[in-house]
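236 is the number of the first residue of the sequence shown in this note's numbering; add one for each residue after it.
Using N, Cα and C, we set each Cβ at its ideal position, and we do this for glycine too.
Note that the coordinates shown come from a computational prediction; the quantities given were computed from them, not determined experimentally.
What follows is a short report on a single structure.
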Amino acid sequence: MKRVGRTRQEKDLLSKLSGMINYSEYIHANLVDVARTCGNKNCRCKIKGEKHISLYLTTTRKYGVRKMIYIPNKLEEEVRVMVARYFKIRDMIETVSDINLERALSKKK
Ligand SMILES: [Zn+2]
Numbered sequence: 236m237k238r239v240g241r242t243r244q245e246k247d248l249l250s251k252l253s254g255m256i257n258y259s260e261y262i263h264a265n266l267v268d269v270a271r272t273c274g275n276k277n278c279r280c281k282i283k284g285e286k287h288i289s290l291y292l293t294t295t296r297k298y299g300v301r302k303m304i305y306i307p308n309k310l311e312e313e314v315r316v317m318v319a320r321y322f323k324i325r326d327m328i329e330t331v332s333d334i335n336l337e338r339a340l341s342k343k344k
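Right, dumping it as structure tokens:
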């Protein structure tokens, strides 16, 4: 492959990006907080109307149709971090893509 003249900023971005892809986990999904009642007639959700908030992950990729998956409390932090990381990686890829497009178009001149 032909070497391309990359700027320092671009090299740093690619290095950070490959580190994130290789050494951390990420999930492509969206997270939604869902308010619900639990079914226990003595619970505050029934008595006071203070609903429970549960985290759900929605994804269409893995199953082909939109699926909502309950995320238990103990996994919440971990899953939030992985989903946020996916979007960070995607943003970085888009930035690299913009740079590549600019460079490709500059060859037209
Ligand atoms: Zn309840």
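Straight-line gap, residue i to residue j (C-alpha atoms, nearest Å)
i    : j    : result
T242 : R325 : 20 angstroms
K286 : G254 : 41 angstroms
K343 : L336 : 11 angstroms
N277 : V269 : 21 angstroms
R315 : Y305 : 13 angstroms
M327 : G274 : 44 angstroms
I288 : I334 : 42 angstroms
G284 : N308 : 21 angstroms
M303 : R271 : 14 angstroms
V267 : E245 : 34 angstroms
V300 : G240 : 42 angstroms
Delimiting residues of the beta strand (DSSP E) encompassing residue i
i    : result
N257 : It is not in any beta strand (DSSP E) - N257 instead sits in the alpha helix (DSSP H) that spans 243–258.
R296 : No beta strand (DSSP E) contains R296, which DSSP labels as neither H nor E.
V267 : 265–271
K302 : 302–306
Exposed unless 16 or more other CB atoms sit within 10 angstroms - verdict on residue i
i    : result
I282 : exposed
V318 : buried
Nearest-angstrom Cβ-Cβ length linking residue i and residue j, presumed shorter than 8 angstroms
i    : j    : result
Y258 : Y321 : So it is not a contact: roughly 15 angstroms between Cβ atoms.
A264 : T293 : 6 angstroms
T330 : L248 : 6 angstroms
E311 : L290 : 5 angstroms
Boundaries of the alpha helix (DSSP H) in which residue i is found, first to last residue
i    : result
K281 : 279–282
Opposing strand residues paired with residue i [DSSP bridges]
i    : result
I262 : BP columns for I262 are empty, so no partner.
I288 : A270
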